[in-house]
Amino acid sequence: MNAFSNRYCKWCQKHGYEFSEDKAEDIMNWAKKALAAIPKSMNIKKTIQIAVNAINELLETIQDTKEHMNQLASQLPEYPAVMKMDGVGEVTGPIIMGELGDVTRFTKRSQITAFAGVDPKKHESGDDKPKSSRATKIGSPELRRALYLIMTSKLARKPQGDRVYDFIVKKRSEGKKYLVYMTAGANKFLRIYYGTVRDYMQNKQNSSFIQDNTSAGQMNVSKTA
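Here it is in structure tokens:
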């Protein structure tokens, strides 16, 4: 119990949670109850085998769904730019693109963070200004979940020179709680996402425009000749 309590205390300090001895004991007791002993028999063996087969079928279905999501997302024009962003994977990428849609409908970065619900709430109660503001959490919870997965990936890999990771580390060093610096990182990521995708789409449109004009000019020259 003492060993677990010490580890749990360090975990709480790392992630910004309040440590409690009573909570540590509750977790230990629930963990002990999770251990189950079952008799060894053919019926139990068959039951376990059925459960294993069901889990394997579920995993196959999940993998097929991931591949289908990625296939559909690859048809979007911004797909190459989004998938190159650090932390974006074959699951989080399609979710973000699907939930946000066409970013050109947002005229500025603050609109996309407000749409995702990772912008801080505005306080209008006199002069009372808290140290940190909670997110509005307006919008798609699936989008915010995908953003938090990306933030978790960055914290685990610690990509050097990554603006989002450096921003999260800065907020954490300032004493911000876990949800605060994770939400701040998601906000930072979306602002970079907006600029990256917008610039990519504009460059792609300009390239298509130049190619069309070049082709038209070549056709006119051929007709004149």
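So the sequence shown is residues 1049 to 1273, counted in my numbering.
For each residue, glycine too, the CB sits at the ideal point set by N, CA and C.
The structure presented is a predicted model; accordingly, all values stated were derived computationally and were not measured.
(request) Go ahead and pull the three-state DSSP assignment for P1168. (result) Annotated three-state conformation of P1168 is strand, per DSSP.
(message) Quick check on the DSSP output: the alpha helix (DSSP H) that includes Y1065 runs from which residue to which?
(response) Annotation: Y1065 is outside any alpha helix (DSSP H) and is labelled neither H nor E by DSSP.
(message) Please tell me whether R1239 and I1160 are closer than 9 angstroms, where the distance is taken between their beta carbons.
(response) Contact: yes.
(message) By the DSSP assignment, the alpha helix (DSSP H) with L1083 in it spans what residues?
(response) Where L1083 is concerned, there is no enclosing alpha helix (DSSP H), given that its DSSP letter is neither H nor E.
(message) What residue range does the alpha helix (DSSP H) around V1100 cover?
(response) Counting along the chain, the unbroken alpha helix (DSSP H) around V1100 starts and ends at M1090 to A1121.
(request) Decide yes or no for the touch test of the segment 1124-1131 against the segment 1188-1202: beta carbon pairs closer than 8 angstroms, at least 3 of them. (result) Between the segment 1124-1131 and the segment 1188-1202 there are fewer than three C-beta pairs closer than 8 angstroms, too few to call the two in contact.
(message) Give me the residue from A1085, C1057 and Y1065 with the minimum Cα distance to E1073.
(response) Residue C1057 is the option with its Cα nearest to E1073.
(request) Assign F1154 to one of three DSSP states: helix, strand, or coil. (result) Secondary structure of F1154 (DSSP, three-state): coil.
(request) Put P1207 into one of helix, strand or coil per three-state DSSP. (result) Coil at P1207, not helix or strand.
(message) Going by DSSP, what residue range makes up the alpha helix (DSSP H) through G1146?
(response) It spans T1140 to L1148 - the alpha helix (DSSP H) in which G1146 sits, taken as one unbroken run.
(message) Three Cβ pairs or more, each shorter than 8 angstroms: is that satisfied between the segment 1077-1095 and the segment 1105-1121?
(response) Taking a contact to require three or more Cβ pairs closer than 8 angstroms, the segment 1077-1095 and the segment 1105-1121 do not qualify as touching.
(message) Are the CB atoms of Y1242 and V1136 within a distance shorter than 9 angstroms?
(response) V1136 is not a Cβ neighbour of Y1242, given a cutoff of 9 angstroms.
(request) Check each candidate in A1164, I1198 and K1202 and name the one with the smallest Cα separation from K1185. (result) Here the closest residue by C-alpha is A1164.
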